[in-house]
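Protein chains in written order, with UniProt numbering: chain A, 1 to 257; chain B, 1 to 257.
What follows is a single structure, written as structure tokens, with notes after it.
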DNA sequence: CGGGAGTTTGACCTGCATCAATGGCAGTGG
DNA sequence: CCACTGCCATTGATGCAGGTCAAACTCCCG
């Protein structure tokens, strides 16, 4: 799979001019801090730049903001900085957190259909949103952009399937372990034979993500702590002490490459 | 989203020559019966045809066959005819049915990773498989093929997210109703204000798909029958008597287009 | 140094899994 | 064509993982 980060850099740069003024209008005065890597490294052609620029819709969101994007049409969103969650709503106010997304992640946010999808900010964010149909049309004329988008979709599908497996088959203990392993891989700082995590989401968000209640999440965290697999400090700091053991706990298949 | 069926027709036709001899070698002597719509209607260019043809790997599978495709590398599979299930395995022999696929469906089957994925035939099948990386490379030089593949991925992601929502939030009753609604939309024959279904999968498959045991699936089917929403005959025939009511039961958001 | 939201812990309950037995469909051989 | 047979589905009885309800605690912010 090729690099998504490159596309992020491209889009950040393309968005800069647009963003600056929008940012000023935003209540929080968030400004872009993204890197401005040379576009040339991407291999994208000039036409792509100009047309992407025309599509760009900058979104600055404050922590806790929900319905960050318009959901009357499908959107492709890039997280420039911050952290967001994608939530789906069923009837009776139940919500499922479909996923968490961080710096340089792409998100495909479908239009409201049998269930409603919304993007919510977990902390102050800088996002760039594109109408999906136009983004896709544009990607078709630029191989690199298309390739990156495809990679993203395949990865998103893969992650979603992993989650389905977890939700359908795994116990509470395994789900929490799986969640921690996944977070370690995505936003963990390497640490001894484990990782150091600073989770931006609440216990409720975690529970809604892995299909458990906050109480059960909390209890499982306690058990993992008692088992010496993790240690915690404060609400969001989690130190994974033994990643291999945690993966075992997560019910992953062992003995592969 | 554009038509996937067209691509199916294309590939069927392209595969015909290849397939015929492979079919003869197959123990079941399955032969292609697919339509041979003119390739011109697809708008795919000639180079695409020739290269797709070179990639084509015909697979004839008998009902019950598992591990239909090689899982050492990711595959793109097209169901020419029949029905298959995509299963994922966690440790301890637990399996999750990630999805059911029917005529003209595309399937992206990832290589074995943290969990193993396998395709299993639910009835005698005619399939065409391509190595994913080469298929994608090829798709990049053909806009229509690329577009169709993208549509497929977006739909697959959408369905997978719906399943995550169901597995994470819904009750047994809602899950069974959701499953039936989904099947009605995909393989149901319209019938009064409902649909007629001939389910090719066992109760176990259904249970493994929606995260329930066979007993619970059976009990919920009975309850739905007692509630007058469906009627059944034999093991596989299900008649949905009131689709709207069943959707309500499925916990879908109401009051939308 | 309060105050309030988020978290942890405890007690209890429920929905679904598990275990067990019966019932019925489909494929086979007489 | 019908009886046999084995698998699959249904139904019932019971147990438990995780949900629910409730209370104490702790972090974080003003």
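Where is the CB? At the ideal position from N, CA and C, for every residue including glycine.
Keep in mind the model is a prediction, meaning the values are calculated, not measured.
Proximity to residue 251 of chain A across A:157, A:180, A:192, A:120 peaks at A:180, based on C-alpha coordinates. Leaving aside the five residues that flank residue 203 of chain B on each side, the residues in its chain whose CB is nearer than 7 Å to its CB run, in chain order, 214, 217, 218. The C-alpha of residue 195 of chain B lies about 11 Å from the C-alpha of residue 244 of chain B.
Taking 8 Å as the cut-off, the Cβ atoms of residue 90 of chain B and residue 102 of chain B do not count as close. The C-beta distance from residue 108 of chain B to residue 154 of chain A rounds to 7 Å, short enough to meet the 8 Å contact threshold.
Taking the Cβ atoms as the reference, residue 96 of chain B lies roughly 13 Å from residue 211 of chain A, outside the contact range of under 8 Å. Interface flag for residue 114 of chain B against chain A is set, since a Cβ pair is found closer than 8 Å. Relative to the Cα of residue 191 of chain A, the nearest Cα in the group A:232, A:159, A:241, A:143 belongs to A:241. Counted as a single uninterrupted DSSP element, the alpha helix (DSSP H) harbouring residue 156 of chain A occupies residues 143 to 169.
Collapsing the DSSP output to three states places residue 126 of chain A in a strand.
The DSSP-derived three-state label of residue 104 of chain B is coil. For residue 75 of chain A, no chain B residue has a C-beta closer than 9 Å to its own C-beta; the minimum C-beta separation is roughly 12 Å.
Taking the Cα positions, residue 79 of chain B is about 33 Å away from residue 130 of chain A.
The secondary-structure analysis by DSSP pairs residue 99 of chain B across a beta bridge with B:86. Bridge pairing for residue 237 of chain B: B:198, B:233 [DSSP].
The continuous alpha helix (DSSP H) containing residue 248 of chain A extends over residues 243 to 249. In this structure, the alpha-carbon of residue 159 of chain B lies about 27 Å from that of residue 56 of chain B. With contacts defined by Cβ atoms closer than 8 Å, residue 85 of chain A and residue 205 of chain A form a contacting pair.
Using a Cβ-Cβ cut-off of 8 Å, residue 145 of chain B does not count as an interface residue toward chain A, since no Cβ of chain A sits closer than that to its own. At a cut-off of 8 Å, the C-beta of residue 91 of chain A has a neighbouring C-beta in chain B. For the pair residue 173 of chain B and residue 166 of chain B, the CB atoms are not nearer than the 8 Å cut-off.
DSSP places residue 140 of chain B in the coil class of the three-state scheme, outside both helix and strand.
When DSSP states are grouped into helix, strand and coil, residue 70 of chain B belongs to the coil group. With a 10 Å radius around the Cβ and a threshold of 16 neighbouring Cβ atoms, residue 222 of chain B comes out exposed. Chain B places a beta carbon closer than 8 Å to that of residue 162 of chain A, counting this residue as a contact. Around residue 186 of chain A, the same chain offers 102 as residues with beta carbons nearer than 7 Å, after the five sequence neighbours per side are excluded.
Under a criterion of Cβ atoms nearer than 7 Å, the residues of chain B adjacent to residue 158 of chain A are, in order, 110.
The secondary-structure analysis by DSSP pairs residue 118 of chain B across a beta bridge with B:87.
Listed as beta-bridge partners of residue 191 of chain B by DSSP are B:194. Between residue 118 of chain B and residue 62 of chain B the beta-carbon gap is near 15 Å, outside 8 Å, which marks them as no contact.
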